[in-house]
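Residue numbers (my numbering): 6 to 181.
The beta carbon of each residue, even a glycine, is placed where N, CA and C say it ideally should be.
From a predicted model like this one, the values you see are computed outputs, not experimental measurements.
In what follows, a single structure is set out as structure tokens and then discussed.
Here's what the structure looks like:
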């Protein structure tokens with residue numbers, strides 16, 4: 006009987022070590038990780054999430070993620086993603102903006118999954134993201150450059166056509 010209790014204590018100790026390692030992994034991951042409970046309130050916010058938003062974990066815990074940190078134009082779609090995850094449907098590569106402490110926005114590419122308790126019941130949603138703010142800025146700059154280059158090509162073509170027409174008119178005037 007004593008041997009069985011010692012084994013149970015070792016098993017419990019092993020589980021606690023794994024739980025602590027998982028907590029440390031989430032906390033120090035190089036990706037923003039957000040967690041919400043079944044009501045949409047934040048219950049996980051790792052160091053990377055703190056870094057990209059400027060909000061400390063203590064600032065956001067128990068606040069509704071969508072109501073407080075998602076821009077108005079994305080509130081409905083983000084809510085839908087979370088509702089799907091609460092039904093067991095995962096979503097990959099969903100892009101949405103978060104408010105930062107300074108009032109700016111940061112663009113996040115998110116993968117969301119259902120979070121389950123020890124007995125398998127759904128207890129919330131966990132989202133692992135990637136900050137794509139700079140990538141989106143580069144995309145926008147390139148699109149602007151592409152449009153400007155296309156506009157210059159059209160303008161050059163118009164000028165070439167105008168030059169050809171003026172040469173033709175001058176030729177007709179000089180040699181009727």
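Backbone CA spacing between residue i and residue j [nearest angstrom]
i	j	result
residue 88	residue 72	14 Å
residue 60	residue 106	6 Å
residue 152	residue 142	15 Å
residue 54	residue 160	46 Å
residue 8	residue 130	40 Å
residue 12	residue 20	12 Å
residue 156	residue 147	14 Å
residue 177	residue 171	10 Å
residue 22	residue 16	10 Å
residue 121	residue 115	19 Å
residue 31	residue 154	45 Å
residue 126	residue 18	24 Å
residue 6	residue 123	27 Å
residue 162	residue 180	27 Å
residue 102	residue 80	10 Å
residue 14	residue 93	34 Å
residue 174	residue 158	24 Å
residue 140	residue 56	17 Å
residue 166	residue 144	33 Å
Environment of residue i [buried if 16+ CB atoms lie within 10 Å]
i	result
residue 109	exposed
residue 70	buried
residue 58	buried
residue 65	buried
residue 83	buried
Beta carbon of residue i nearer than 8 Å to that of residue j
i	j	result
residue 68	residue 48	no
residue 90	residue 119	yes
residue 63	residue 51	no
residue 74	residue 132	no
residue 76	residue 104	yes
Whole-angstrom C-beta distance between residue j and residue i, which should lie under 8 Å
i	j	result
residue 111	residue 136	6 Å
residue 128	residue 42	7 Å
residue 149	residue 117	The Cβ separation is near 32 Å, so there is no contact.
residue 168	residue 36	Not really, about 56 Å apart at Cβ, beyond 8 Å.
Exercise for the section: Answer yes if the stretch 87-103 comes into contact with the stretch 26-33, meaning at least three C-beta pairs across the two stretches below 8 Å, and no otherwise. Expected result: Not touching, per the Cβ criterion.
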